[in-house]
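Number of protein chains: 2
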Amino acid sequence: MVVVNKHTKIISAATKVFAKKGFFTARISDIAKEAKVADGTIYIYFNNKYDILLSIFEEEIGKIFAKTEKLLSEEQDPSRMLQIYVSQYLQAMKKNKYLGEVIQIELRQTNKVIRNYRKNKFSAYTNIISDIIRKGQDQGIYRPDILPDVAKRAFFGALDEVSGVWNISLETHYSVEEITEQILSLFLQGVLLDTDQVK
Amino acid sequence: MVVVNKHTKIISAATKVFAKKGFFTARISDIAKEAKVADGTIYIYFNNKYDILLSIFEEEIGKIFAKTEKLLSEEQDPSRMLQIYVSQYLQAMKKNKYLGEVIQIELRQTNKVIRNYRKNKFSAYTNIISDIIRKGQDQGIYRPDILPDVAKRAFFGALDEVSGVWNISLETHYSVEEITEQILSLFLQGVLLDTDQVK
DNA sequence: AGTACATGAATGAATAGTCATTCATGTACT
DNA sequence: AGTACATGAATGACTATTCATTCATGTACT
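In order, the protein sequences belong to chains A and B.
Every letter in the first sequence is one number past the one before it in my numbering, and letter 71, counting from 1, is 71.
Every letter in the second sequence is one number past the one before it in my numbering, and letter 163, counting from 1, is 1163.
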């Protein structure tokens, strides 16, 4: 049997439980049971319930963020940069089905103080998008009338919502590549077949 | 002084409090205080805390849904239909700043049973989008390679996330028309200036 | 038109249940 | 035999919900 350290075990149990029940409805004892440890053990590794959520968020988003930044630094073409962004995010979400839900929880459920804290951490991640768009506008390949800060939200919102597809349809199995392609081409070209049709 | 009935007063107080503190952190006494009624009064009008949230959701989404459906029934062009959809949603969200947050809460925070319930109600609303896309594909004006069910999510996710713009920037005042235009043109045409640039 | 009675909306203090957190005790390893 | 980690029952704080009581308003009778 593979032995995993307790910190990791608790993190992954909590991710699962939070995703299933939501942060507030999840009980510490649920997490403890899922992780096969005693309730008290959790407090050896984490300060409190919220600390567990924060740790999941930090550690996982941190990983994605770091990897994305690294890959982006080696790239110059805005559209390829966006592709990297999308595929990294979706890949991470597909790998850990529960993570997407937990991120959404973290983004909405927590109180104002905390919200401000994560805002800094998290907006750095979404600001990557607006930076790429500005870059594309500077290079003259992206429409200058697009507002990068609005587009950033639209883009991340789309990504966030789409990252849940893996969890619904039991029959259809989309691949990360497929969804990446859809999102990207939607965002780059739009749904219209022929651009001339726009009034 | 304008006298409003208590049901309405509680609904609007609760919308405000839920948006500010989140469903679980919000106390009944907070809502009561905001509505200037006694705690017990709330239970004359609602069965329990969750019933308040559900009522907000039902009533408000219901209004938007009904109005959108009505307007759409008089329209045939898919792109104009999408425009109606977007502008109706954003208009409603701008009118009631707190509503957007509450909808997001409702969409994420509640337990599985309830989630399934709202899924039916709510997915009817988002399915409007995929229906419009299919219509556009049938008419031969939308790209046939777009997956309507994926695009639906992307589109609504974008809309949902963008609907929060009013709440952040204190300096910038975007109009509903402006944001509608951005989202729509992003979705229809994409960010690329020249479609030929796509590999 | 004044008095007595009825109604039920509104109140908010008291209750009751839920859980996060603690800590006294146990276990295992060196 | 000391150290570090682990346990889970007990504690106590927090709040949703209840319900006995109040009181403003309406009705009917003289």
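From the three backbone atoms N, C-alpha and C, an ideal C-beta is built for every residue, glycine too.
Keep in mind that this is a model prediction, so the values were computed, not measured.
Of the listed residues the options, nearest to residue i (C-alpha basis)
i                : options                               : result
S79 of chain A   : A:G22, A:K67 and A:Y142               : A:Y142
K36 of chain A   : A:Y43, A:I44 and A:K9                 : A:K9
Q1104 of chain B : B:E1060, B:D1039 and B:A1151          : B:E1060
I42 of chain A   : A:G22, A:M93 and A:A14                : A:A14
G145 of chain A  : B:D1131, B:K1095 and B:Q1182          : First, the residue type needs correcting, since residue 145 of chain A is Asp and not Gly in the sequence shown. Of B:D1131, B:K1095 and B:Q1182, the residue nearest in Cα terms is B:Q1182.
L1099 of chain B : B:I1031, B:D1160, B:I1129 and B:I1128 : B:D1160
D39 of chain A   : A:S29, A:N47 and A:N48                : A:S29
F1122 of chain B : B:F1024, B:A1066 and B:P1148          : B:A1066
6 Å CB neighbourhood of residue i in its chain, flanking five on each side removed
i                : result
Q1197 of chain B : For Q1197 of chain B, the pLDDT reaches just 44, beneath the cut-off of 50, and the residue's location in the model is therefore unreliable, leaving the point undetermined.
E1075 of chain B : M1081
I1031 of chain B : A1013, A1014 and V1017
L1071 of chain B : I1084
E1177 of chain B : none
Own chain, CB closer than 8 Å to residue i, minus 5 neighbours either side, in chain order
i                : result
T1126 of chain B : K1152, R1153 and F1156
I11 of chain A   : I52, S55, I56 and E59
M1 of chain A    : Bear in mind that the predicted position of M1 of chain A carries a pLDDT of just 47, short of 50, making it too unreliable to give a figure here.
Unbroken alpha helix (DSSP H) run spanning residue i, endpoints
i                : result
R143 of chain A  : Segment: none, R143 of chain A is in no alpha helix (DSSP H) and carries neither H nor E.
Q1189 of chain B : V1176 to Q1189
V1017 of chain B : K1006 to K1021
F1057 of chain B : K1049 to S1073
S79 of chain A   : P78 to K95
R1033 of chain B : The question names Arg, but residue 1033 of chain B is Lys in the sequence shown. Unbroken alpha helix (DSSP H) run through K1033 of chain B: I1028 to A1035.
T41 of chain A   : D39 to Y45
Sub-8 Å separation of residue i and residue j beta-carbons
i                : j                : result
L90 of chain A   : S185 of chain A  : no
K6 of chain A    : Y50 of chain A   : no
V1102 of chain B : F1018 of chain B : yes
S130 of chain A  : P148 of chain A  : yes
I128 of chain A  : T68 of chain A   : yes
T1158 of chain B : A158 of chain A  : It is worth fixing the name first, because residue 1158 of chain B is Ala in this sequence and not Thr. Yes. Within cutoff.
F187 of chain A  : F1024 of chain B : no
Cβ neighbours of residue i in the same chain (closer than 7 Å, five flanking residues each side left out)
i                : result
T1180 of chain B : Q1083, V1086, S1087 and L1090
A1026 of chain B : V1017 and F1018
I64 of chain A   : Q88, Y89 and A92
H173 of chain A  : none
E1034 of chain B : A1013, K1016 and V1017
K1094 of chain B : W1166 and V1176
V113 of chain A  : In this prediction, V113 of chain A scores a pLDDT of 46, lower than 50, which makes its location untrustworthy; the coordinate-derived value is nonetheless stated afterwards. Cβ within range, chain order: n/a, list empty.
G1062 of chain B : none
L107 of chain A  : none
Contact between the region 1185 to 1192 of chain B and the region 124 to 143 of chain A (3+ Cβ pairs under 8 Å): yes
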